[in-house]
Amino acid sequence: MMTRFLLLASLLFAASGARGQSLVVYADTLYTMAGPAIVDGAVVIQDGTIVSAGPARGVRVPAGARELRGSVVTPGLVDVRSTVGLSGLLNQPQDQDALDMGGPLQPSLRAMDAYNARDELVGWLLSLGITTVHTGHSPGALAAGQTTIIKTAYDTIDEALVDSTTMMAMTVGRGVRFDSPGTRARVIAQIRAALYKGLAHAEKMDASGDAPSRDLDNEALAAVATGQMPALITAHRANDIQAVLRLAREFPQMNVILDGASEAPLVLKDIRESGVSVVLHPTMYRTGGETESLAFDTASKLRAAGIPFAFQSGYEAYVPKTRVVLFEAAVAAAYGLDRVHALEAVSIDAARILGIADRVGSLEPGKDADLVIFDGDPLETITHVCAVVVDGVVAREECF
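Going by mature numbering (1 follows the signal peptide of the UniProt record, and there is no 0), the letters in the sequence shown line up with residues -20 to -1, 1 to 380, in that order.
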């Protein structure tokens, strides 16, 4: 059944026309994420780009444009952290590339080199309105590798690619899945030493008249230490979060993004003063071990504290191997987070954290024409996704 659906979605995307087609999408309620919701709104699309998004009255419809209508329209949803495409549906060794167990420090690994655009989970996320995914290596290593951003409507990495090397996936605390380094202090010590080694290599390259031989690991670590590549650091317990913030102060150029952050409510002041953003654990993540203190209302507390955050699907060790960020947002909305803020956390706020808000996350002129048509409130479980548009092309058109 899933294979038939994915084939249909692929054929629809291929057959629905090139990016040059004109499209007008009407909505009873239009969430642009660039301002208040618009009653009776419309989005005009041309050449894969949004031309206008606003009230339907007086909209100028391009000649020959196709028209779609729906109850609610939002931007294409953005998953701020996932392992989809590396952690496959089969849950067998041949499709599990999310974490290489060759060693705890492998910063030169690139998720784009392992990403499988044809994995069925990619199409499943598309069917649920998720058009952009930040995917890559799962938590578990000091430096697991470089993440990537893709769109879910394409069959190859070259077509899907939005950004090839987005962040360095790192982990601290007892979530590191290797016998060594072991203790929390040694984890931080080894990360610190690796960053200084990367900086030393960069200085050697700058000072040398002849370029030294390539050292891909140290080049990647230097990019992290100097802020050229953000560090996405998984830390759940309060003491681990504080250790990450100390590390960020030691390397002031480093751009740190907290991942997980189950005990963030215990150190809200520290996080806010540091200025870091949070890629929040999935709301419905199973508790235990490092995550024994996570709660449904953490998102509302982060919002009240003025800390930027977004929801992730994260890493799921069991079938179906991924979550759906829209569902995570819905649960947070039931536990104190404003409903519009919940939608922002899976659209524009996620795009801002990823550094791609100039392209996706809101419906504004000049941005990629990615949007979702719902037959009701997006945060209600009985609502269906009835159409998904990616880069101005109808990628799927069937209430799911």
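Ideal placement from N, C-alpha and C gives every residue a C-beta, glycine not left out.
Please list, in chain order, all residues of the same chain as residue i whose beta carbon is under 7 Å from its beta carbon, the five residues on each side excluded.
| i | result |
| --- | --- |
| residue 106 | -12, 132, 133, 368, 375, 376 |
| residue 247 | 218, 221, 222 |
| residue 436 | Only positions -20 to 380 of the chain appear in the structure, and residue 436 is not among them; the question remains open. |
| residue 278 | 244, 245, 260 |
| residue 86 | 80, 121, 123, 124, 125 |
| residue 26 | 2, 42 |
| residue 114 | 59, 60, 61, 62, 127, 129, 146, 334 |
| residue 317 | 279, 280, 283 |
Could you check if residue i belongs to the surroundings of the ligand FMN, using beta carbon to heavy atom distance under 7 Å?
| i | result |
| --- | --- |
| residue 165 | As far as ligands go, the structure on display features none, and thus does not contain the ligand FMN. |
Could you tell me which residues DSSP pairs with residue i in its beta bridges?
| i | result |
| --- | --- |
| residue 6 | 22, 49 |
| residue 90 | 126 |
| residue 110 | 57 |
| residue 29 | 26, 348 |
| residue 289 | 258 |
| residue 143 | 129 |
| residue 239 | 214, 259 |
| residue 76 | 67 |
| residue 185 | Bridge partners of residue 185: none, in fact. |
| residue 396 | Missing from the structure shown is residue 396; the chain here goes from -20 to 380 and no further. |
| residue 354 | 52, 365 |
Cβ of residue i within 8 Å of Cβ of residue j?
| i | j | result |
| --- | --- | --- |
| residue 313 | residue 322 | yes |
| residue 151 | residue 122 | yes |
| residue 135 | residue 97 | yes |
| residue 41 | residue 102 | no |
| residue 234 | residue 255 | no |
| residue 308 | residue 263 | yes |
| residue 32 | residue 92 | no |
| residue 7 | residue 53 | yes |
| residue 334 | residue 60 | yes |
| residue 315 | residue 294 | no |
| residue 55 | residue 343 | yes |
In whole angstroms, give me the CA-to-CA distance for residue i and residue j.
| i | j | result |
| --- | --- | --- |
| residue 180 | residue 259 | 30 Å |
| residue 148 | residue 81 | 16 Å |
| residue 14 | residue 357 | 19 Å |
| residue 425 | residue 239 | Lying before the first or after the last residue shown, residue 425 is absent from the chain, which here runs from -20 to 380. |
| residue 36 | residue 10 | 10 Å |
| residue 236 | residue 44 | 48 Å |
| residue 284 | residue 212 | 23 Å |
| residue 272 | residue 168 | 22 Å |
| residue 58 | residue 184 | 39 Å |
| residue 373 | residue 84 | 42 Å |
| residue 365 | residue 51 | 10 Å |
| residue 77 | residue 341 | 28 Å |
| residue 210 | residue 204 | 6 Å |
| residue 47 | residue 232 | 50 Å |
| residue 270 | residue 120 | 12 Å |
| residue 2 | residue 139 | 21 Å |
| residue 225 | residue 319 | 30 Å |
| residue 329 | residue 345 | 18 Å |
| residue 39 | residue 202 | 50 Å |
| residue 228 | residue 198 | 18 Å |
| residue 336 | residue 95 | 20 Å |
| residue 292 | residue 5 | 28 Å |
| residue 99 | residue 352 | 21 Å |
| residue 241 | residue 117 | 18 Å |
| residue 310 | residue 104 | 18 Å |
| residue 71 | residue 300 | 8 Å |
| residue 154 | residue 280 | 27 Å |
| residue 276 | residue 75 | 31 Å |
| residue 49 | residue 30 | 16 Å |
Is it buried or exposed, residue i, if we count other Cβ atoms within 10 angstroms and call 16 or more buried?
| i | result |
| --- | --- |
| residue 298 | exposed |
| residue 186 | exposed |
| residue 128 | buried |
| residue 20 | exposed |
| residue 324 | buried |
| residue 165 | exposed |
| residue 303 | buried |
| residue 362 | exposed |
| residue 178 | buried |
| residue 68 | buried |
Identify, in the order they occur along the chain, each residue of the same chain with its Cβ nearer than 8 Å to the Cβ of residue i, setting aside the five sequence neighbours on each side.
| i | result |
| --- | --- |
| residue 371 | -2, 28, 131, 133, 348, 349, 350 |
| residue 339 | 142, 331, 347, 348 |
| residue 306 | 57, 108, 109, 110, 326, 358, 359 |
| residue 195 | 181 |
| residue 379 | 355, 364, 365, 366 |
| residue 230 | 172 |
| residue 161 | 84, 122, 167, 169, 170 |
| residue 250 | 221, 222, 225 |
| residue 90 | 125, 126, 128, 144, 145 |
Give me, in chain order, the residues of the same chain whose beta-carbon lies closer than 6 Å to that of residue i; leave out the 5 immediate sequence neighbours on both sides.
| i | result |
| --- | --- |
| residue 289 | 258, 260, 282 |
| residue 157 | 120 |
| residue 268 | none |
| residue 200 | 87, 88 |
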